[in-house]
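J.: In our numbering, the protein residues as written are 1 to 804. Built from N, CA and C at the ideal position, the CB exists for glycine as well. Predicted model only: the values in this text are computed from it and were never measured. I'd like to ask some things about the structure below.
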Amino acid sequence: MQAHARAVVIGGGVVGASTLYHLAKIGWSELLLIEQSELAAGSTWHAAGGMHTFNGEANISRLQKYTIDLYREIEALSGQSCGLHPNGGLMLAATAGELDSLKLICSRARYLGMETEMISLAEASRLNPLIDTRHFIGALWRADGGHCDPSGTTHAYVKAARQLGAKVERFTRVLSLAQRADGCWDVVTDKGTVHAEHVINCAGLWAREIGHMVGIELPVLAMEHHYLITEDIPELRGREQEIVNTTDYAGEIYMRQERGGALIGTYEPHGVVWSPVKTPDDFSMQLLPDDFERLAPYFEVGFRHFPALGRVGIRKAINGPFTFAPDGNPLVGPVRGLRNFWVACAVMAGFSQGGGIGLVLSRWMAHDDPGQDILSMDVARFGAFATPRYTSLKVPENYARRFRLAYPNEELPAARPVRRSPVYDRLQAAGAVMGANFGLEHALWFAPAGVPPAETPTYRRSEAFAFIRAECQAVRSNVGLYETSNYGKYEVTGRGARAWLDRVFACRLPRRGRLALAPMLSPAGRIVGDLSIACLADDRFMIVGSGFAEEFHLRWFCSSDPPADVFVRSVSSTLNGVSIAGPRSRELLQRLVRDDLSPGAFKLFQLRQTAVGLAPAILTRAGFTGELGYEIWTTPDYFATLYDELWDAGRALGLKHFGGRALSSLRLEKAYGSFNKDFRPDYTAAETGLDRFVDFGKVDFAGRAAALAERAAGPARRFVVMEVAAEDADVIGYESIIKDGAAVGYVTSGAYGHCIGASLAAGYVPSALARDGERFEIDILGEMRSAIVRREPMYDPQGLRLRS
Ligand SMILES: Cc1cc2nc3c(=O)[nH]c(=O)nc-3n(C[C@H](O)[C@H](O)[C@H](O)COP(=O)(O)OP(=O)(O)OC[C@H]3O[C@@H](n4cnc5c(N)ncnc54)[C@H](O)[C@@H]3O)c2cc1C
Numbered sequence: 001m002q003a004h005a006r007a008v009v010i011g012g013g014v015v016g017a018s019t020l021y022h023l024a025k026i027g028w029s030e031l032l033l034i035e036q037s038e039l040a041a042g043s044t045w046h047a048a049g050g051m052h053t054f055n056g057e058a059n060i061s062r063l064q065k066y067t068i069d070l071y072r073e074i075e076a077l078s079g080q081s082c083g084l085h086p087n088g089g090l091m092l093a094a095t096a097g098e099l100d101s102l103k104l105i106c107s108r109a110r111y112l113g114m115e116t117e118m119i120s121l122a123e124a125s126r127l128n129p130l131i132d133t134r135h136f137i138g139a140l141w142r143a144d145g146g147h148c149d150p151s152g153t154t155h156a157y158v159k160a161a162r163q164l165g166a167k168v169e170r171f172t173r174v175l176s177l178a179q180r181a182d183g184c185w186d187v188v189t190d191k192g193t194v195h196a197e198h199v200i201n202c203a204g205l206w207a208r209e210i211g212h213m214v215g216i217e218l219p220v221l222a223m224e225h226h227y228l229i230t231e232d233i234p235e236l237r238g239r240e241q242e243i244v245n246t247t248d249y250a251g252e253i254y255m256r257q258e259r260g261g262a263l264i265g266t267y268e269p270h271g272v273v274w275s276p277v278k279t280p281d282d283f284s285m286q287l288l289p290d291d292f293e294r295l296a297p298y299f300e301v302g303f304r305h306f307p308a309l310g311r312v313g314i315r316k317a318i319n320g321p322f323t324f325a326p327d328g329n330p331l332v333g334p335v336r337g338l339r340n341f342w343v344a345c346a347v348m349a350g351f352s353q354g355g356g357i358g359l360v361l362s363r364w365m366a367h368d369d370p371g372q373d374i375l376s377m378d379v380a381r382f383g384a385f386a387t388p389r390y391t392s393l394k395v396p397e398n399y400a401r402r403f404r405l406a407y408p409n410e411e412l413p414a415a416r417p418v419r420r421s422p423v424y425d426r427l428q429a430a431g432a433v434m435g436a437n438f439g440l441e442h443a444l445w446f447a448p449a450g451v452p453p454a455e456t457p458t459y460r461r462s463e464a465f466a467f468i469r470a471e472c473q474a475v476r477s478n479v480g481l482y483e484t485s486n487y488g489k490y491e492v493t494g495r496g497a498r499a500w501l502d503r504v505f506a507c508r509l510p511r512r513g514r515l516a517l518a519p520m521l522s523p524a525g526r527i528v529g530d531l532s533i534a535c536l537a538d539d540r541f542m543i544v545g546s547g548f549a550e551e552f553h554l555r556w557f558c559s560s561d562p563p564a565d566v567f568v569r570s571v572s573s574t575l576n577g578v579s580i581a582g583p584r585s586r587e588l589l590q591r592l593v594r595d596d597l598s599p600g601a602f603k604l605f606q607l608r609q610t611a612v613g614l615a616p617a618i619l620t621r622a623g624f625t626g627e628l629g630y631e632i633w634t635t636p637d638y639f640a641t642l643y644d645e646l647w648d649a650g651r652a653l654g655l656k657h658f659g660g661r662a663l664s665s666l667r668l669e670k671a672y673g674s675f676n677k678d679f680r681p682d683y684t685a686a687e688t689g690l691d692r693f694v695d696f697g698k699v700d701f702a703g704r705a706a707a708l709a710e711r712a713a714g715p716a717r718r719f720v721v722m723e724v725a726a727e728d729a730d731v732i733g734y735e736s737i738i739k740d741g742a743a744v745g746y747v748t749s750g751a752y753g754h755c756i757g758a759s760l761a762a763g764y765v766p767s768a769l770a771r772d773g774e775r776f777e778i779d780i781l782g783e784m785r786s787a788i789v790r791r792e793p794m795y796d797p798q799g800l801r802l803r804s
């Protein structure tokens with residue numbers, strides 16, 4: 001075996017094979033894939049090989065399309081067939097909610113360039129005559145997708161990679177990994193040691209064990225999964241074309257043709273975790289015993305919905321394990337604190353996603369940038385909260401919901417609560433309906449007394465609509481309280497802090513006692529953060545950003561080479577926060593603060609290190625509602641006291657809680673974008689409009705050259721907020737924005753603007769069309785709605801209330 005490699009890929013399943021191919025394709029040499037057994041011997045060989053472009057995240061959908069399109073390329077390069085059956089896909093709806101979901105998929109697919117349409121049940125039955133259409137009310141057809149041969153596909157990747165010079169060692173087991181001082185790795189195997197610059201964990205069912213070799217606990221767990229292959233079905237005899245692969249949401253069934261019979265699989269509730277603690281070393285090319293007794297009721301639903309399947313015998317049953325992350329998306333990317341160690345694991349749809357994962361990972365390794373926004377599959381979306389117990393509760397929940405619809409207003413219950421703020425019980429007592437962000441419970445909206453704190457899952461406006469409106473109105477007319485503990489918070493200290501931050505962030509750093517809005521750019525000029533920086537002292541800064549991105553931002557800070565005299569740490573669990581917003585917020589706060597809060601004495605973006613009632617606190621004049629407002633930060637031991645005192649002081653002023661849903665409405669009325677939704681690494685400073693906070697006069701900051709070039713050329717598209725003629729449903733996200741029949745952009749977020757009385761959609765449109773009054777159309781759940789660009793915020797365009 002070779003003694004040195006530029007990169008060692010651990011694992012020869014479909015994901016490792018794709019990673020090897022893409023690294024070779026991007027031009028890396030000295031590549032070695034190490035496989036303990038035969039190629040595809042883990043979960044890959046017994047997969048059903050289904051492939052499709054459907055994913056709730058637009059960028060993952062795009063990568064799935066890339067994966068499917070890639071198969072012809074690797075077939076041509078390798079001469080190895082992938083066994084493609086590109087017969088497209090059908091999705092069946094049995095309820096009004098499922099039908100809405102299919103319409104949303106259609107609206108999204110248009111901008112992604114995917115051929116997708118709603119079809120009649122008669123048409124569906126023509127494409128798959130085995131469907132008993134009496135069980136359904138609607139169907140979606142998509143051209144992309146079908147199925148492939150799992151083993152052939154894996155071999156095609158590997159053969160194509162070999163053509164490009166990559167090497168493969170089969171029947172060689174990685175036993176341990178040891179990092180050298182220079183960041184390189186000694187990959188110790190049962191056939192000798194390879195010295196490698198980079199290591200990639202593509203170990204699938206064993207990814208957890210490879211993680212243990214480097215001291216990390218990856219949130220990944222395997223579940224058992226069954227499918228059956230029937231004997232030949234008379235109804236399929238003589239057909240010229242295979243039936244279209246079909247997903248039945250109500251039945252939680254997928255089915256497709258397999259030779260003269262059918263393959264039918266189910267994602268049953270109460271699925272079985274496989275090998276919860278350790279994957280056996282010798283589990284290679286193996287299957288698990290059938291469990292028909294447990295699964296019979298679920299397959300019987302399939303036999304009712306596709307009756308011909310129940311009339312023939314079962315030729316073969318497959319039960320095999322494969323892995324999931326807690327939210328069902330893959331874990332991809334570098335791991336904070338481990339140099340040159342990469343992961344590409346927890347891939348539950350390897351034949352839809354493997355190619356895309358190889359593509360972004362190879363770019364990330366070669367260019368330090370995945371080349372597109374992949375936040376939803378970035379390993380950094382999980383932090384310390386994703387313990388093995390958390391994973392063991394979330395993965396079965398996700399498995400059971402694999403074919404259930406994810407409603408936009410639905411909060412999943414497993415493994416909750418994990419992280420609670422000191423006022424969690426108080427908020428619950430006040431009627432809070434909670435969501436979880438990075439494991440932390442936070443209030444979405446508040447059910448008034450006598451109203452159950454629950455919401456019916458829907459794609460349309462829910463029963464919470466009126467209560468959210470009341471919260472918004474309280475903020476605009478009076479004063480509201482919102483807990484901000486779920487923001488990501490960091491402290492940067494040390495003599496070199498200011499100089500380092502000045503390079504990492506694109507904004508002008510604030511003077512002592514002030515804060516600044518702080519975009520953070522990648523070297524390619526893309527938005528990797530939209531944070532705020534508060535200067536507490538010349539060598540002490542507090543940074544606040546999105547809570548979900550805590551690990552992502554910490555990894556970014558660490559990889560931005562803080563020098564020895566700069567100390568960066570998360571203070572997310574050691575600092576709690578609350579926002580007081582509304583025209584009476586000053587009056588409220590002045591009752592608890594000795595400092596003069598009058599407009600001249602405490603201006604927008606100033607801060608004080610002071611006491612708010614009994615709590616020592618950092619007080620900033622800032623907020624996200626567009627009203628006069630303050631954020632107060634204190635440590636957990638004081639937080640409940642602070643909350644109680646604010647509440648006591650505010651009661652007489654009509655203080656009201658507001659939650660995340662109201663905040664979304666209030667911010668869009670002000671046309672404020674939000675990181676994760678509107679501002680993501682796909683967009684640039686000028687496209688987002690965050691260039692107004694960029695200090696182009698600074699000689700050195702990450703992304704400067706790209707931002708300057710963009711400033712000279714002008715952005716290709718722009719972030720806009722539109723007023724939408726919606727009726728009972730507002731946009732959700734990723735719906736296509738249509739101009740003269742063509743999709744020109746997509747929606748990034750939306751809400752009903754309760755205080756301006758209009759439905760709002762934010763998104764990106766070509767710069768030439770980003771004009772006030774420009775008209776578009778947006779397909780909301782199958783209805784074309786007109787959308788008009790409003791270049792000025794629809795609420796308080798001059799910002800007088802914010803500055804009041
Ligand atoms: C019954 C069933 C049906 C499925 N149907 C579909 C489907 O229709 N469509 C779809 O897209 N997906 C399907 N899947 C999921 C699919 O199988 C996975 O997404 C895919 O196989 C994941 O591939 P992988 O490369 O990540 O992992 P694996 O295939 O598990 O590969 C990991 C490899 O790493 C090797 N390895 C591990 N540790 C070491 C070590 N220490 N040293 C050297 N080598 C090591 C292993 O031997 C293994 O070959 C199905 C899965 C099952 C079980």
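With DSSP run on the structure shown, which of helix, strand or coil describes Leu359?
T.: Position 359 of the sequence shown, counted from the first residue, corresponds to residue 359. Residue state, collapsed to three classes: helix.
J.: Which whole-angstrom value is the C-beta distance of His198 and Ala3, which I expect to be below 8 Å?
T.: Here residue 198 refers to the residue found at position 198 when the sequence shown is read from its first residue. Here residue 3 refers to the residue found at position 3 when the sequence shown is read from its first residue. Not a contact, Cβ separation roughly 16 Å.
J.: Note down, one range per segment and in chain order, each beta strand (DSSP E) of at least 3 residues found wholly within the stretch 325–406.
T.: DSSP runs (the beta strand (DSSP E)) wholly in the stretch 325–406: 331–334 and 341–345.
J.: Nearest-angstrom Cα distance between Ser421 and Ala94?
T.: The sequence position of residue 421 within the sequence shown is 421, counting from 1. The sequence position of residue 94 within the sequence shown is 94, counting from 1. About 40 Å.
J.: What would DSSP say about Ser579, mapped onto helix, strand or coil?
T.: Taking the sequence shown and counting its residues from 1, one reaches residue 579 at position 579. Strand at Ser579.
J.: Leaving out five residues on either side along the sequence, give the residues of the same chain with a beta carbon under 6 Å from the beta carbon of Ser37.
T.: For this step, residue 37 is matched to residue 37 along the sequence shown. Contacts found: Ser284.
J.: With a CB to CB cut of under 6 Å and the five nearest residues on each side skipped, what residues in its chain are close to Ala805?
T.: The chain is shown only over 1 to 804; residue 805 falls outside these bounds and no answer can be derived.
J.: Using the Cα positions of Arg790 and Ala702, report the straight-line distance between them to the nearest angstrom.
T.: Position 790 of the sequence shown, counted from the start, is the residue given in the question as residue 790. Position 702 of the sequence shown, counted from the start, is the residue given in the question as residue 702. The alpha-carbon atoms of Arg790 and Ala702 are separated by roughly 32 Å.
J.: To the nearest angstrom, how far is the alpha carbon of Lys489 from that of Leu655?
T.: Counting from 1 along the sequence shown, the entry for residue 489 is found at position 489. Counting from 1 along the sequence shown, the entry for residue 655 is found at position 655. Taking the straight line joining both Cα atoms gives about 26 Å.
J.: Classify Glu735: buried if its beta carbon has 16 or more other beta carbons within 10 angstroms, exposed otherwise.
T.: Residue numbering aside, residue 735 sits at position 735 when the sequence shown is read from its first letter. Buried: at least 16 other Cβ atoms inside 10 Å.
J.: Residues in its own chain within less than 8 Å of Ala707 by CB, not counting five upstream and five downstream?
T.: Mapped onto the sequence shown, residue 707 falls at position 707. Cβ neighbours of Ala707 beyond the five flanking positions: Ala506, Leu521, Gly525, Thr684, Ala685, Ala686, Asp691, Val694 and Phe696.
J.: Could you check the C-alpha separation between Arg110 and Arg62 for me, to the nearest Å?
T.: Stepping through the sequence shown from its first residue, residue 110 is reached at position 110. Stepping through the sequence shown from its first residue, residue 62 is reached at position 62. Distance between the alpha carbons of Arg110 and Arg62 is about 12 Å.
J.: Per DSSP, what kind of secondary structure is Trp500 in: helix, strand or coil?
T.: Here residue 500 is taken as the residue at index 500 of the sequence shown, counted from 1. Trp500 falls in the helix class under three-state DSSP.
J.: Taking the alpha-carbon positions, what's the Pro334 to Thr635 distance?
T.: Locating residue 334 in the sequence shown gives position 334, counting from the first residue. Locating residue 635 in the sequence shown gives position 635, counting from the first residue. Between Pro334 and Thr635, the C-alpha separation is close to 32 Å.
J.: Is any heavy atom of ligand 1 found at a distance shorter than 7 Å from the C-beta of His46?
T.: On the sequence shown, position 46 is the one that residue 46 refers to. Yes; taking the cut-off as 7 Å, the Cβ of His46 has a heavy atom of ligand 1 nearer than that.
J.: When you compare only the Cα positions, how much space is there between Gly753 and Lys394?
T.: Here residue 753 corresponds to residue number 753 of the sequence shown, with the count starting at 1. Here residue 394 corresponds to residue number 394 of the sequence shown, with the count starting at 1. One C-alpha to the other measures close to 34 Å.
J.: Between which two residues does the beta strand (DSSP E) containing Asp290 stretch?
T.: Taking the sequence shown and counting its residues from 1, the one referred to as residue 290 is at position 290. Asp290 -> no beta strand (DSSP E), and no H or E assigned at all.
J.: Would you mind sorting Cys106 into buried or exposed? The rule is 16 or more other CB atoms within 10 Å of its CB.
T.: Here the question's residue 106 lines up with position 106 in the sequence shown. Cys106 is buried by the Cβ-count criterion.
J.: Hey, out of Arg239, Tyr227, Gly757 and Tyr66, whose CA is closest to Arg126's CA?
T.: On the sequence shown, position 126 is the one that residue 126 refers to. Of Arg239, Tyr227, Gly757 and Tyr66, the residue nearest in Cα terms is Arg239.
J.: What are the partner residues of Asp779, as DSSP defines its beta bridges?
T.: Position 779 of the sequence shown, counted from the first residue, corresponds to residue 779. Per DSSP, Met784.
J.: Kindly give me the distance between the Cβ atoms of Phe403 and Tyr267, rounded to whole angstroms, as I take these residues to be in contact under 8 Å.
T.: Along the sequence shown, one-based indexing puts residue 403 at 403. Along the sequence shown, one-based indexing puts residue 267 at 267. With a Cβ gap of about 5 Å, Phe403 and Tyr267 count as contacting.
J.: CA-CA distance, Glu669 and Asp637?
T.: The residue you call residue 669 lines up with position 669 of the sequence shown. The residue you call residue 637 lines up with position 637 of the sequence shown. Approximately 35 Å between the Cα atoms of the pair.
J.: Considering only the alpha carbon of each residue, which of Glu792, Gly763, Ser767 and Arg771 lies closest to Ile778?
T.: Taking the sequence shown and counting its residues from 1, the one referred to as residue 778 is at position 778. Comparing Cα-Cα distances from Ile778 to each of Glu792, Gly763, Ser767 and Arg771, the minimum goes to Gly763.
J.: If you check the beta carbons only, do Arg461 and Ala436 fall under 8 Å apart?
T.: One-based indexing of the sequence shown puts residue 461 at position 461. One-based indexing of the sequence shown puts residue 436 at position 436. The answer is no: Cβ separation not under 8 Å.
J.: Suppose you measure from the CA of Asp806 to the CA of Gly733; what does that come to, to the nearest Å?
T.: As displayed, the chain neither begins before 1 nor continues past 804, which places residue 806 out of reach and without an answer.
J.: Apart from the five residues just before and just after Asp595, which ones in its own chain have a Cβ nearer than 6 Å to its Cβ?
T.: Locating residue 595 in the sequence shown gives position 595, where the first residue counts as 1. If we look at Asp595 and ignore the five residues flanking it on each side, its Cβ neighbours are Arg608 and Thr610.
J.: Straight-line CA distance for Val731 to Asp182?
T.: Here the question's residue 731 lines up with position 731 in the sequence shown. Here the question's residue 182 lines up with position 182 in the sequence shown. Straight-line Cα distance between these residues: approximately 50 Å.
J.: Could you check what DSSP says for Asn150 in three-state terms: helix, strand or coil?
T.: For the purposes of this step, residue 150 is taken as the residue at position 150 of the sequence shown. Checking the sequence shown, residue 150 turns out to be Pro, not Asn. Pro150: helix per DSSP, three-state reduction.
J.: Less than 8 Å between the C-beta atoms of Gly582 and Asn478, yes or no?
T.: As a working note, residue 582 is residue 582 in the sequence shown. As a working note, residue 478 is residue 478 in the sequence shown. Yes, these two residues count as a Cβ contact at 8 Å.
J.: If distances are taken between C-alpha atoms only, which option among Ala768, Ala787, Thr748 and Gly152 comes closest to Ile738?
T.: For the purposes of this step, residue 738 is taken as the residue at position 738 of the sequence shown. For Ile738, the nearest C-alpha among the options comes from Ala787.
J.: So, using beta-carbon positions, are Glu75 and Ala156 closer together than 8 Å?
T.: Here residue 75 corresponds to residue number 75 of the sequence shown, with the count starting at 1. Here residue 156 corresponds to residue number 156 of the sequence shown, with the count starting at 1. Taking 8 Å as the Cβ cut-off, Glu75 and Ala156 qualify as a contacting pair.
J.: What separation, rounded to the nearest whole angstrom, lies between the Cα atoms of Gly328 and Gly251?
T.: Locating residue 328 in the sequence shown gives position 328, where the first residue counts as 1. Locating residue 251 in the sequence shown gives position 251, where the first residue counts as 1. Each residue's Cα considered, the two are about 20 Å apart.
J.: Please tell me whether, using a cut-off of 7 Å, the distance from the CB of Trp206 to the nearest non-hydrogen atom of ligand 1 is below it.
T.: Along the sequence shown, read from residue 1 onward, the residue named residue 206 stands at position 206. Answer for Trp206: yes, Cβ within range of ligand 1.
J.: With 16 other CB atoms within 10 Å as the buried threshold, where does Lys103 fall?
T.: Counting from one through the sequence shown, the residue named residue 103 turns up at place 103. Counting Cβ neighbours within 10 Å, Lys103 comes out buried, since at least 16 surround it.
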